[in-house]
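Numbering (this note's numbering) for the sequence shown: 308 to 969. Backbone N, C-alpha and C fix where the C-beta goes; we use that ideal spot for every residue, glycine too. Following: one structure in structure tokens, then a few remarks.
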Amino acid sequence: MKILDRYLLKTFLTTFASVFVILFFIFILQAVWLFIGELAGKDLDFFMIVKFLTFYFPSIVPMVLPLTILLASIMTFGDLSEHYEFAAMKSSGVSLMRALRSLTVFIFILSIAAFIFANNIIPYSQYKFINFKANIAQLKPAMAIAEGQFSDVGSYIIKVDKKSGPNGNNLSGITIHKKSVNGQGSTTIIKAKSGELKSSPDSKVIQLVLYNGAQFEDIIPKKYNEREKMPFAKTQFKKYNLNMDLSKLNKVDPNEEKVTSTSNMLKLSELTYTLDSLNKDYKKEVNSFTENIHVRTGIINMKAEKDSSNTTVPENLLDAYPPQKKLKFIDIAKSNVGSTTFTIAGTKDEFDMKEKNINSHWLSIYDKFVIAFACILMFFIGAPLGAIIRKGGLGLPIVFAILIFITFHFVNTFGKKLGQENGITPFLGAWMSSIILSPLAILLTYRAKNDLQMTINLDWLTDPFVKMFSRNKIRPSFEAEDRIINLDTISFTEDEEWRDLLKMSDASLIDTVYDSAKLGYSKLRRIKALKILDSRNITQADLIQQGKLFNEKYERLADANENYILNSKMTFITFLMTVVMVFVVLNNSKNVKLMILGVLVLICFYIAAFKTGQRHQEINNLLHRKVGIHPWLVMVLGFPFYIIFHVYNRVALRKAISGSSL
């Protein structure tokens, strides 16, 4: 291995290790926050909590590893470009692709390791984690009933709105679903305004005393026609004692493993074997159900009586039978239609669940390959992007890394959800994020290889909306020749202002012309000053040579500020639209069209925020200092805190421009 390869590999690995540790720690904290409700209040010792988190840690790796590779590659190659080390390599005849060679080999090895990890370690950890989680949830009978959520306690599912009292024994807003023995779901519901938990330490039964409530029980008649009326019985009570058996909850072994098969727990070989069995069973059940429906219609058993003497063909088939049989046939048909409809409706949900189970197994297969490919994809996005933006450290690289990874993760989650729900094929759902971002990797690699800068120009998208707020004002030209005015064509009366200007010295008149925009002078006053200077043999050409025809720096600053204000207005409007769409989508979470519209509005907000950030950065460059909150920080945290950023930056920029020495 050459010195260059060792240097690049060492630099990358150092950054990779530090970023991986930091991100892994962040995701661990997120896991602790996520499961704090299941860990707290159950008298678990420190060893069991560590064991719980250890089983969960491997499932974090598919999130952390691609993000680490993306961020580390941007930081490494951005730092090399920022310190002109790449320029030195290129002058020595080392191209970007040659510099990437050793790291590409390492990333390919890492992707293979990621596949092995996803195929062996993650399924085992999920197997241990799900069982351990299911067991510790039942270790503390006193905590069996949680506040604000449904809790499975013995043969009841209980939800309480609020718990009070020293031990949480006083309950209010109680809803109880009694489990059905025959597997038909919950047919008995009990609702009460308040209640009290009573139990003794040695008792295996906990008593729930309910006050001021009612019990609703569904009555399922034998005849299908009567089921459509949906009869039920309602019993009101002032006090009702409910005894719940907790013997099973007290006999929980946290190391017992009852859950043995979900798609996340299986290796590739086990998934393919399980899928084969699931597909065969599914086809067998569909065929069996089809034949069963056909038999239940009774058509097979029907034999028409032959009457050779009657050769006429009736218009209505029922006219060929006597009236008594007509009624019998109609009753049979009604019964068959109702029974068949009820059976199909129930079986449809069962088949949908089986299809989702099959799709989840396919998604689990593809996920193992997607994780490996994501490592390669993120490297070929991050490395050329770092070389293009020429920024290392934890500033701009973090912004790009987070935006790219959020896009990847959102599309991946959305695609897998659609794939599981049969909206698209599981293959397309699992690979959607990789398919969308692969062209970006190819484009960035091509531009970095050919030393082409990556400029993001969204003016064609935002300019039509910006013009709505610009009052059709024509942008000024900053070319000196374009600012020359033909004074011979302009005539005006000699007023008081003209006489005041005549009294001024040449230097004062030149300052009036030069700083007219900064001092807020009218165009007419500036023209009068130019006319007087011209009469004193100081032409506009002379002012151009002295650089005094106009204050280019200040006028560029004023123009940039005006564009910033227009873009910030557009961003603020899209922000308000996004807030409205968030509430609409939350209230209509099952409406896919509204969700897509909400995502499009959010994208419009970030496009507008990006343009506003560009204008803000342009002002910073003209002032040669940073003013307000960093525009790229607004891009990352812009949505939840945009109003604060919007007001603060507008005020800060106004003060900076008014106090500028330009």
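Same chain only: Cβ atoms within 6 Å of A681, ignoring 5 sequence neighbours per side: Result list for A681: P373, in chain order.
Beta-carbon proximity check, I483 vs I497, cutoff 8 Å: Yes, the pair counts as a contact, with Cβ atoms nearer than the cut-off.
Distance, F721 Cα to R961 Cα: Going by the C-alpha atoms only, they are around 42 Å apart.
Backbone CA spacing between V887 and F359 [nearest angstrom]: Their backbone Cα atoms lie some 40 Å apart in a straight line.
Buried versus exposed, by CB contacts within 10 Å (16 or more), S823: It is buried - the Cβ of S823 has at least 16 other Cβ atoms within 10 Å.
Sequence ranges, alpha helix (DSSP H) only - wholly within the segment 790-832, length at least 4: Runs of the alpha helix (DSSP H) inside the segment 790-832: 803-809, 813-821, 823-826.
The segment 353-368 / the segment 423-433 touching (three or more Cβ pairs under 8 Å): The segment 353-368, when compared against the segment 423-433, does touch it at the 8 Å Cβ threshold.
Identity of the residues DSSP links to H484 by a beta bridge: In the DSSP assignment, H484 forms a beta bridge with I464, I496.
F523 versus F544 - alpha carbon distance: If you take the alpha carbons of F523 and F544, they lie about 11 Å apart.
Residue closest to K505, alpha-carbon to alpha-carbon, out of I452, F436, G920: Each of I452, F436, G920 was checked against the Cα of K505, and the nearest Cα belongs to I452.
From N895, I791, Q727, D525, residue whose alpha carbon lies closest to that of G852: Per the sequence shown, the amino acid found at residue 852 is Gln instead of Gly. That would be I791, whose Cα lies nearest to the Cα of Q852.
From R697, I839, T732, residue whose alpha carbon lies closest to that of D758: Taking only the C-alpha atoms, the option nearest D758 is R697.
Cα-Cα separation between R408 and I381, rounded to whole angstroms: Distance between the alpha carbons of R408 and I381 is about 16 Å.
T732 versus Y673, T752, G400, residue with shortest Cα-Cα distance: Between T732 and the set Y673, T752, G400, the nearest pair of CA atoms involves Y673.
Beta-carbon spacing of L901, V892 below 8 Å: The answer is yes: Cβ separation under 8 Å.
Nearest-angstrom Cα separation, counted from S798 out to K825: So the alpha carbons of these two residues sit roughly 25 Å apart.
Residue environment, Q727, which counts as buried when at least 16 other CB atoms sit within 10 Å: Burial call: buried.
For K590 and K663, the rounded distance between their alpha carbons: Between K663 and K590, the C-alpha separation is close to 14 Å.
Cutoff 7 Å; reference A787; Cβ partners in own chain excluding five residues on either side: Excluding the 5 residues flanking it on each side, A787 has same chain C-beta neighbours closer than 7 Å at I851, L856, in chain order.
Proximity of T411 and T318 at Cβ, strictly below 8 Å: Their beta carbons are not under 8 Å apart, which means T411 does not touch T318 by this criterion.
Of the listed residues A963, V677, N898, nearest to N927 (C-alpha basis): Ranked by Cα distance from N927, the options A963, V677, N898 are led by A963.
Backbone CA spacing between T714 and K918 [nearest angstrom]: Roughly 19 Å separates the two Cα atoms.
For L573, the nearest candidate out of Y391, Y434, K486 (CA to CA): Ranked by how close their Cα comes to the Cα of L573, the residues Y391, Y434, K486 have Y434 in first place.
Minimum length 4: unbroken alpha helix (DSSP H) runs contained in the segment 376-410: If one requires a minimum length of 4 residues, the alpha helix (DSSP H) runs lying completely within the segment 376-410 are 392-398, 403-406, in chain order.
Rounded C-alpha distance that separates V906 from I880: Between V906 and I880, the C-alpha separation is close to 16 Å.
G736: first and last residue of the uninterrupted alpha helix (DSSP H) it sits in: Secondary structure note for G736: its alpha helix (DSSP H) is the uninterrupted segment 733-756.
Close Cβ partners of L316 (< 6 Å) along its chain, the five nearest in sequence each way excluded: Cβ neighbours of L316 beyond the five flanking positions: S409.
F712 to G827 span [Cα, whole Å]: Rounded to whole angstroms, F712 and G827 show a C-alpha spacing of 47 Å.
Residue from V677, G693, I683, F596 with nearest C-alpha to A652: Across the set V677, G693, I683, F596, the C-alpha of F596 shows the shortest separation from the C-alpha of A652.
Same chain, Cβ closer than 7 Å to S584, five either side skipped, listed in chain order: Within the same chain, no residue comes within 7 Å of S584 by CB-CB distance, once the 5 residues on both sides are set aside.
Own chain residues within Cβ distance below 7 Å of K747, not counting five before or after: A small fix is needed here, since residue 747 is Leu in this sequence, not Lys. If we look at L747 and ignore the five residues flanking it on each side, its Cβ neighbours are I688.
Where A394 falls, given that 16 or more other Cβ within 10 Å makes a residue buried: Looking at its Cβ environment, which holds fewer than 16 other Cβ atoms inside 10 Å, A394 is exposed.
G920, DSSP secondary structure in three states: In this structure, G920 counts as helix in the three-state DSSP scheme.
Cutoff 8 Å; reference V326; Cβ partners in own chain excluding five residues on either side: Around V326: T375, L378, A379, M382.
Member of I743, N719, L582 whose CA lies at the smallest distance from the CA of G736: Measuring from the Cα of G736, the nearest candidate turns out to be N719.
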